[in-house]
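So the sequence shown is residues 997 to 1421, counted in our numbering. The C-beta atom is built at its ideal place from N, Cα and C for all residues, glycine as well.
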Amino acid sequence: MINPLAQFALLLDADLMAAALQQHLPECQAGDWQVTGCEIQHPRYKTYRLAENRDRSFLSLVYHLRGRHPAETTAEQRILYARAYLGQRSQQAYTEAQANGETAIHLAELGMVGWRFPDDPAMPWLAELMDSRQIAELEQRPISTIEIVNYRPEIRCTARYRFAASETEPARVVYGKTYADERGRAVYTNLLTLQRQSVAAFVMPEALAYDAGHHTLWLEGLQGHMLTELDFTVGVAEKIPALAHALAAFHQVTPPPLLVITSQQQLKEWLKKADKLSHAYPTIQPALTGLFNELRQDCPEFEVLGLIHGDFHIDQLLVLADGRLALFDYDELAIGDPLQDLANFAADLYNYPYPVAVIDQLVQTLFTAYSAANHNQTDAQRFVWHLRGQLLTRAYRCFIQQKSAAPQRVADFIALALRPWPLAD
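Structure below.
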């Protein structure tokens, strides 16, 4: 059978899709809107190992479209969530969506089923949260804008609500994080538990409320600059010691009841990722086999468990006006090895377009500062074990997200994970 990725290639090219959607979207065919640009976010490729199941593979992704009405000069942005299928499977998926009462569209020529934001098959209440009039009535104050910060279809949507100043109240920014399930309730409870403990760690956004009717967690906005906005060789490097000390303090917080993640569980997940990568890219199968054998051989014998953030990376950090660091996104809180957080942050740095030697130095500084904050009790070999596993995870993400030059990026991450790490000496 033809490689499914070859059939999905068009859908991952932003320029080609701008033209294709202009041709096939009903509102464009009717002359009511013109697509002038396209950006692709959150592509996820679902594949199957067995050849007989390969035709069930599908691609989901989000198109952020720029455009305008032909009779107007003002540009606007629209979001289209799409799932693309092989063969004639899009017709079946569209029929099922209609049967479920979903407001979907069928782009048969592209083999796609789409949902125009805020229509979402798993979050039908999202439209209400995007209605500025309803939000203004709820808060009893005028609202100036609603901005989409991050939209992951059928999972969650984070929006920034900017409330205008009034005679009695200053301007205010509030974030609404909406989920497809009840996860927001647990995140709200956990965040309150952490905020009650006075620690010299990261600043946390204040948890304001949880709206069960809309599955939404409301958070107070914080003002500052994202850490990713700083130059790595200067700004980020200067913040690494403070970041490491704050992370060490965070790991000392008494956790609420949370899911436990063991090293053996991680090893099983890494095996699944290595297995799928081996089938997708046979040329690097020997390297993947060697990497996993090392991970299995070096798996820590003793568990060192504590509170972990679970998704700790540079995009989660904000530099406040007073220089302190704020940490966001507490969805993945768990009990696990704290070095998992440190390794997650380190592995993510290699995603950025800086020379490996520059990132290596940042990782060395990070480890040294964290170890110092931990009374020099940090196990370098255990850190390297987690780091190698996290680099394998980055390779897998390149594959399922089909980022630009995915095969080469996958190979580069695997080679990086396999090289000798001086921290382990």
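Q. What's the call for G1097, buried or exposed, on a 16-neighbour Cβ count within 10 Å?
A. exposed
Q. Given 8 Å as the limit, is there contact between the stretch 1270-1279 and the stretch 1243-1254, that is, 3 or more CB pairs closer than that?
A. no
Q. Using a Cβ-Cβ cut-off of 8 Å (strictly less than) and excluding sequence neighbours within five positions of I1139, which residues of its own chain qualify?
A. S1128, I1131, A1132, Y1157, R1158, F1159, A1160
Q. Can you list, in chain order, the residues of its chain whose CB lies under 7 Å from that of H1038, leaving out five sequence neighbours each side?
A. L1057, V1058, R1148
Q) How long is the line joining the alpha carbons of L1414 and L1055, rounded to whole angstroms? A) 30 Å
Q) How big is the Cα-Cα spacing for P1000 and Q1087? A) 18 Å
**Q.** Cut-off 7 Å between Cβ atoms - residues of its own chain near E1035, not counting five sequence neighbours on either side
**A.** A1010, H1060
Q) Taking Cβ to Cβ, would you say A1203 is nearer than 7 Å to L1190? A) no
Q | At least 3 beta-carbon pairs within less than 8 Å: the stretch 1328-1342 vs the stretch 1294-1309 | A | yes
**Q.** Buried versus exposed, by CB contacts within 10 Å (16 or more), M1222
**A.** exposed
Q) Measuring CA to CA, which of D1028, H1309, C1295, G1231 is closest to T1258? A) C1295
(Q) Taking a contact to mean a Cβ-Cβ separation below 7 Å, would you say D1311 touches T1224 in this structure? (A) yes
Q.
Helix, strand or coil for V1352? Go by DSSP, reduced to three states.
A. helix
Q | Start and end residues, beta strand (DSSP E) containing V1380 | A | Per DSSP, V1380 belongs to no beta strand (DSSP E); it is in the alpha helix (DSSP H), 1376-1397.
(Q) Using only CA atoms, which one of G1217, P1166, D1051, L1125 lies nearest to T1174? (A) L1125
Q) What's the call for T1185, buried or exposed, on a 16-neighbour Cβ count within 10 Å? A) exposed
Q: Check the DSSP bridge columns for V1256 and list the partner residues they point to.
A: I1331
Q. Alpha carbon to alpha carbon, what distance is there between D1051 and Q1003?
A. 11 Å
Q | W1266 and G1107 closer than 7 Å at C-beta | A | no
**Q.** Exposure of G1110, with buried meaning 16 or more beta-carbon neighbours within 10 Å
**A.** buried
Q. Helix, strand or coil: how does DSSP classify T1250 here?
A. coil
Q | Pick from D1115, P1117, P1166, V1199 that is closest to A1317, judged by C-alpha positions | A | V1199
Q) Do you know whose CA, among R1040, K1042, Q1397, T1069, lies nearest V1031's CA? A) T1069
Q: Hey, could you find the ends of the alpha helix (DSSP H) D1207 is sitting in?
A: From DSSP, D1207 is part of no alpha helix (DSSP H) but of the beta strand (DSSP E) over 1203-1207.
Q. Counting Cβ pairs closer than 8 Å, one from the stretch 1348-1368 and one from the stretch 1273-1290, do we hit at least three?
A. no
Q: State the start and end residues of the unbroken beta strand (DSSP E) segment that holds R1085.
A: Run containing R1085: none in the beta strand (DSSP E); it sits in the alpha helix (DSSP H), 1085-1095.
Q: Identify every residue that forms a DSSP beta bridge with D1037.
A: Checking the displayed sequence, the identity of residue 1037 turns out to be Gln instead of Asp. DSSP output for Q1037 lists V1058 as bridge partner(s).
Q: Look up N1146 in the DSSP assignment and give the residues it is bridged to.
A: T1154
Q.
Give me the residue from E1165, L1006, L1076 with the minimum Cα distance to E1150.
A. L1076
Q.
Using CA atoms only, rank isn't needed, just tell me which of L1263, I1236, L1303 is closest to N1289.
A. L1263
Q) Which whole-angstrom value describes the C-beta separation of G1033 and R1074, a residue pair presumed to lie in contact below a C-beta threshold of 8 Å? A) About 11 Å; that fails the 8 Å criterion.
Q: Could you tell me which residues DSSP puts in a beta bridge with K1173?
A: T1154, L1213
Q. If we count the other Cβ atoms within 10 Å of its Cβ and call it buried at 16 or more, is L1255 buried or exposed?
A. exposed
Q | Residues near L1432 in its chain [Cβ-Cβ closer than 6 Å; skip 5 each side] | A | As displayed, the chain neither begins before 997 nor continues past 1421, which places residue 1432 out of reach and without an answer.
Q. Within 10 angstroms of its Cβ, does N1370 collect 16 or more other Cβ (buried), or is it exposed?
A. buried
Q. How close, in whole Å, do the beta carbons of S1162 and R1137 come, if the pair is a contact with beta carbons under 8 Å?
A. 6 Å
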